[in-house]
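Trainee:
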Amino acid sequence: MNGESLNIKDDNLNKLKAVLPEVFSEDQLDWEKLKAQFGDNIVIANERYTLNWAGKSDAFKALQQPTTATLKPAPEESINFDTTGNVFIEGENLEVLKVLQKSYYGKVKCIIIDPPYNTGSDSFIYPDSFKENKADYEKRIGDKDEEGYLMKEGYFRKNSKDSGHFHSNWLSMMYPRLFLAKNLMRDDGVIFIHIDSNEVQNLRLVMNEIFGEENFIECITWNKRVPKNDKGIGSIHEYVLIFVKNSIYKHEFTMQKNGLEEIDELLSKLKKKEIPLPEAEDEIQKLYNKKGYDRGITLYNSLNSEYRLWGKINMSWPNANTFGPRYEVKHPKSGKAVKVPDRGWRWKEDTFNTEAKIVDGKYQSILELHDGTFMCGRIWFDKDENTQPSSINYLDELDTLLLRSIISLKSDGGIEVEKIFEGKSYFSYPKPTSLAKTLINSIKLSDDDIVLDFFAGSGTNAHAVLDLNSEDGINRKFVMVQLPEPCAEDSEAFKAGFKTISSISQERIRRVIKSHVQENLKPKQLGIDLGQNTIGLAVGRENKKSDLGLKVFKLSSSNFKIWRGNEITEENLTTQLDAFTNPVKEGSETDNMFYELLLKAGYQLTDKIEKRLLFYSVKDNELIVALETMNPEVVEVITKSLPKPKKVITLDILFTNNDQLKTNTVLQMKDAGIDFKTI
């Protein structure tokens, strides 16, 4: 069994081979055959439009280098570890993304990240020398102090604007992470990336290269309302780039209509006082002007006799490059044909007749409105045939509108964090959950859909997912990844006992979970313990839909010895061979080994796991992992288990000095139709 993460180069070659097997010769890509396939579509000239920077080739090398790292479970820091679908991973995100490649490949519906903006004061991991090798890199990101915490000086590099590689360093950091993230996305997946003016242009270019320009959706402008004045101008905008993995899938981004309560309240008053409709419409318009509502609300500016707000929707064919149906529509009063839109009607004639309540060529209902216009069913007509009719929608029937390219939300993330941590603000400019909820909720997510954030920071996106789940009952899952970035010793966080940013993120999530439990349950009646390790179980008893848990893992070196063929010498060959009589590293715990094998076998961290007496069962015996004992009795139990296992993994050392047992086990597994692997 291969102990490395997914090999990106081999994966891409396999994809190409599946589509174009004829361009391979003796299992090698034949460049001449590939050129022949595409003819004039291959660009070989030196002068062409491309994104390049100092160190791009090294970024590709970093991307293609597999990892042998794993994730170590931390149940003591978790909530409802055994059953929750929510994951927090503490570790360097490039390595973590590589570790997740096999198990989460094509599984993530939504990615939302807030990476370093490259302002000149950011510190992040990148090779300060483009010649840094893998061993040096691993040593640097693994440097720890005497208490086992990562050393800031060895871990980070400040990317100063004085550097000749200022933008290049940032691109080299982002490129491999975005590439690996794309692998994890479902074909209908969406990614949101926060950024500001420092790198928005470069981010757009690098995303075009990785995702394809055709998969760009929009660059959202976030109006924070609170200006930052560091360049002599009040800067109140940041940006969110939206890309999809594959634009052939239909994507619609929507947002909730906010502020309807005040409108409803005014309508009730107007109706109760029987204010004449023209005056009532003026009052509605005054409220719209005062509050500055979105056009998606203000288009509803007319009232019917029941004081229901309605708006007119254009009936023209929406696509400027094609044409819709053309047919005659008669005005309900004059009987003359109205003007047909230049591009045709938006609806088929049958649909129009149904909505206008036309039967046998006659309108079944003609209502004259207070302004002299007419309503026939769900179609509005002006006073005469010279104006194109419109379809009608009522405000109270629509809960959402299309996500706007400008979102105005106050940047109050710091206040949210202070409320959670007794007035302490441990983060600089954390994003507000209102923005995260707007973005995440703009796409249709279902139960068990995964939201991934590999720059988790303050934990805003996890907080947003938990809030959304509580509000609408959908059981979204999240995977948060955060570097254990050391807190400055003079910081409030350090003084409060938080050594790393990731520890604050985890604690925020735990406190948010507890707040939801306290809101949704009555602890006195249930008699439950609100300690961090049991609250999720209590929720499960009350509401099976709620997943208020957290499963914590930490990036770690492999539990198994790695064969390093490129480091073999005459002197160490015997030593290394002797060491591999037992491939398990000294001190490796069974649970840690299990999760490493689970990931490398392609299973998710939250798949159903049962720890039985003799082995671990994953997804109702789809995978069985035996790490402590292997004898004829265990083999018989496995082969006779129901449902029948598809795959079994065990340790080769369990067959030491018993070749006959191993031979028999291999044969029995084969006879039972079970894929059998040893490590």
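When we follow our numbering, the leftmost residue of the sequence shown carries the number 477, and every step to the right adds one. Ideal placement from N, C-alpha and C gives every residue a C-beta, glycine not left out. Treat the numbers as computed from the prediction; the structure is a model and nothing was measured.
1. Considering only the alpha carbon of each residue, which of Lys707, Ser1117, Thr1082 lies closest to Met1145?
2. Would Leu654 pass as a contact of Tyr580 if the rule is Cβ separation under 8 Å?
3. Bridge partners of Ala545, per DSSP?
4. Exposed or buried, Glu498, counting other C-beta atoms within 10 Å across all chains shown (16 or more means buried)?
5. Mapping DSSP to helix, strand and coil, what is Gly665?
6. Here's the rule: buried if 16 or more other CB atoms are within 10 angstroms of the residue's CB, otherwise exposed. What is Val495?
7. Given Leu489, which residues of its chain have a CB within under 8 Å of its CB, disregarding the five upstream and five downstream residues?
8. Just the Cα atoms here: how many angstroms apart are Tyr776 and Pro592?
9. Does DSSP put Lys1153 in a helix, a strand or coil?
10. Tell me, please, whether the segment 1118-1130 touches the segment 1090-1102 by the rule of three or more beta-carbon pairs shorter than 8 Å.
11. Going by the CB atoms, is the gap between Ile588 and Val927 shorter than 8 Å?
12. With C-beta atoms as the reference, is Phe1091 less than 8 Å away from Val1060?
13. Between Asn1097 and the rest of its own chain, which residues show a CB-CB distance below 6 Å, the 5 nearest in sequence each way excluded?
14. Which of helix, strand or coil does DSSP assign to Ala912?
15. Helix, strand or coil, according to DSSP, for Tyr870 in the structure here?
16. Indicate the three-state DSSP secondary structure (helix, strand or coil) for Met650 in the structure shown.
17. With a threshold of 8 Å, are at least 3 pairs of Cβ atoms found where one atom belongs to the segment 760-767 and the other to the segment 792-807?
18. By Cβ distance below 8 Å, which residues in the same chain neighbour Leu482 in space, the five residues on each side in sequence not counted?
19. Is Gln677 close to chain D? Criterion is C-beta to C-beta, closer than 8 Å.
20. Just confirm the distance between the C-beta atoms of Thr560 and Leu1075, as a whole number of angstroms; I'd bet it's less than 8 Å.
21. Beta carbon of Gly933, beta carbon of Asp503: below 8 Å?
22. Keeping to the same chain, check which residues put their C-beta closer than 8 Å to that of Ile438; ignore five residues upstream and five downstream.
23. Find the nearest neighbour of Phe799 within the set Glu675, Lys1084, Val816, Ser810, judged by alpha-carbon distance.
24. Can you tell me which of the three DSSP states Trp821 falls into?
25. Do you know how far the Cα of His939 is from the Cα of Asn780?
26. Could you tell me the alpha carbon to alpha carbon distance between Asn996 and Glu947, rounded to whole angstroms?
27. Are the CB atoms of Ile985 and Leu1026 within a distance shorter than 8 Å?
28. I need the straight-line Cα distance from Leu647 to Ile1038, nearest angstrom please.
29. Just to confirm the assignment, what range does the alpha helix (DSSP H) spanning Phe1139 have?
30. Mind checking who Ile751 pairs with in its DSSP beta bridge?
31. Can you give the beta carbon distance from Arg880 to Asp770, rounded, assuming they're within the 8 Å contact cut?
32. Please list the segments of the beta strand (DSSP E) lying wholly inside the segment 1068-1108, counting only runs of 3 or more residues, in order along the chain.
33. Could you check where the alpha helix (DSSP H) with Ser533 kicks off and where it finishes?
34. Over the uninterrupted beta strand (DSSP E) stretch that includes Leu527, give me the two end residues.
35. Kindly indicate the opening and closing residues of the beta strand (DSSP E) around Val716.
36. What is the DSSP secondary structure of Phe930, reduced to helix, strand or coil?
Mentor: Short version:
1. In the sequence shown, counting from the first residue as 1, residue 1145 sits at position 669. The shortest C-alpha separation from Met1145 is found at Ser1117.
2. Against the sequence shown, residue 654 aligns to sequence position 178. Against the sequence shown, residue 580 aligns to sequence position 104. Taking 8 Å as the Cβ cut-off, Leu654 and Tyr580 do not qualify as a contacting pair.
3. Walking along the sequence shown from the start, residue 545 turns up at place 69. Note: Ala545 sits in no beta bridge, so no partner.
4. Numbered from 1 along the sequence shown, position 22 holds the residue referred to as residue 498. Answer is exposed; the Cβ neighbour count stays below 16.
5. Locating residue 665 in the sequence shown gives position 189, where the first residue counts as 1. In the structure shown, Gly665 sits in a strand (DSSP, three-state: E or B).
6. As a first step, residue 495 is located in the sequence shown; it is residue number 19 there, counting from the start. Exposed, since its Cβ has fewer than 16 Cβ neighbours within 10 Å.
7. Stepping through the sequence shown from its first residue, residue 489 is reached at position 13. Cβ neighbours of Leu489 beyond the five flanking positions: Leu505.
8. For this step, residue 776 is matched to residue 300 along the sequence shown. For this step, residue 592 is matched to residue 116 along the sequence shown. Distance between the alpha carbons of Tyr776 and Pro592 is about 41 Å.
9. In the sequence shown, the residue the question calls residue 1153 occupies position 677. If DSSP states are grouped into helix, strand and coil, Lys1153 belongs with the strands.
10. yes
11. As a working note, residue 927 is residue 451 in the sequence shown. As a working note, residue 588 is residue 112 in the sequence shown. Against a cut-off of 8 Å, the Cβ pair of Ile588 and Val927 comes out as a contact.
12. Residue mapping note: residue 1091 aligns to position 615 of the sequence shown, counting from 1. Residue mapping note: residue 1060 aligns to position 584 of the sequence shown, counting from 1. Not in contact: Phe1091 and Val1060 (Cβ atoms no closer than 8 Å).
13. The residue given as residue 1097 occupies position 621 in the sequence shown. Once the five neighbours on either side are set aside, the close Cβ partners of Asn1097 are Ser1117, Pro1119, Pro1121.
14. Here residue 912 refers to the residue found at position 436 when the sequence shown is read from its first residue. Ala912: helix per DSSP, three-state reduction.
15. If you number the sequence shown from 1, residue 870 lands on position 394. Strand, per DSSP.
16. For the purposes of this step, residue 650 is identified with residue 174 of the sequence shown, where counting begins at 1. In the structure shown, Met650 sits in a helix (DSSP, three-state: H, G or I).
17. no
18. For the purposes of this step, residue 482 is taken as residue 6 along the sequence shown, with counting starting at 1. Closer than 8 Å at Cβ, skipping near neighbours: Pro542, Lys574, Gln577, Lys578, Tyr581, Asn659.
19. Of the protein chains in the structure, only one exists, and it is not chain D.
20. For this step, residue 560 is matched to residue 84 along the sequence shown. For this step, residue 1075 is matched to residue 599 along the sequence shown. Actually they do not touch by this definition, with Cβ atoms about 17 Å apart.
21. Your numbering for residue 933 matches position 457 in the sequence shown. Your numbering for residue 503 matches position 27 in the sequence shown. Contact flag unset, no.
22. Lying outside 477 to 1155, the shown extent of the chain, residue 438 is not represented and no answer is given.
23. Stepping through the sequence shown from its first residue, residue 799 is reached at position 323. Checking every option, the nearest Cα to that of Phe799 belongs to Val816.
24. Position 345 of the sequence shown holds residue 821. Strand at Trp821.
25. Position 304 of the sequence shown, counted from the start, is the residue given in the question as residue 780. Position 463 of the sequence shown, counted from the start, is the residue given in the question as residue 939. Rounded to whole angstroms, Asn780 to His939 spans 42 Å at the Cα level.
26. Numbered from its first residue, the sequence shown carries residue 996 at position 520. Numbered from its first residue, the sequence shown carries residue 947 at position 471. Answer to the nearest angstrom: the Cα atoms are 11 Å apart.
27. Working through the sequence shown from its first residue, we reach residue 1026 at position 550. Working through the sequence shown from its first residue, we reach residue 985 at position 509. Yes, these two residues count as a Cβ contact at 8 Å.
28. Within the sequence shown, residue 647 is the residue found at index 171, counting from 1. Within the sequence shown, residue 1038 is the residue found at index 562, counting from 1. Computed Cα separation, rounded: 31 Å.
29. Numbered from 1 along the sequence shown, position 663 holds the residue referred to as residue 1139. Note that residue 1139 is Thr in the sequence shown here, rather than Phe. That run of the alpha helix (DSSP H) goes 1135-1147.
30. The residue given as residue 751 occupies position 275 in the sequence shown. Paired residues: none, contrary to the question.
31. Locating residue 880 in the sequence shown gives position 404, where the first residue counts as 1. Locating residue 770 in the sequence shown gives position 294, where the first residue counts as 1. About 6 Å separates the two Cβ atoms, so the contact holds.
32. 1085-1087, 1092-1094, 1099-1102
33. As a first step, residue 533 must be located in the sequence shown, where it is residue number 57. 532-540 is the extent of the alpha helix (DSSP H) around Ser533.
34. The count along the sequence shown starts at 1 and reaches residue 527 at position 51. Here Leu527 belongs to no beta strand (DSSP E), and DSSP marks it neither H nor E.
35. Translated into positions along the sequence shown, residue 716 becomes position 240. 711-720 is the extent of the beta strand (DSSP E) around Val716.
36. Here residue 930 refers to the residue found at position 454 when the sequence shown is read from its first residue. The answer is coil: DSSP assigns Phe930 none of H, G, I, E or B.
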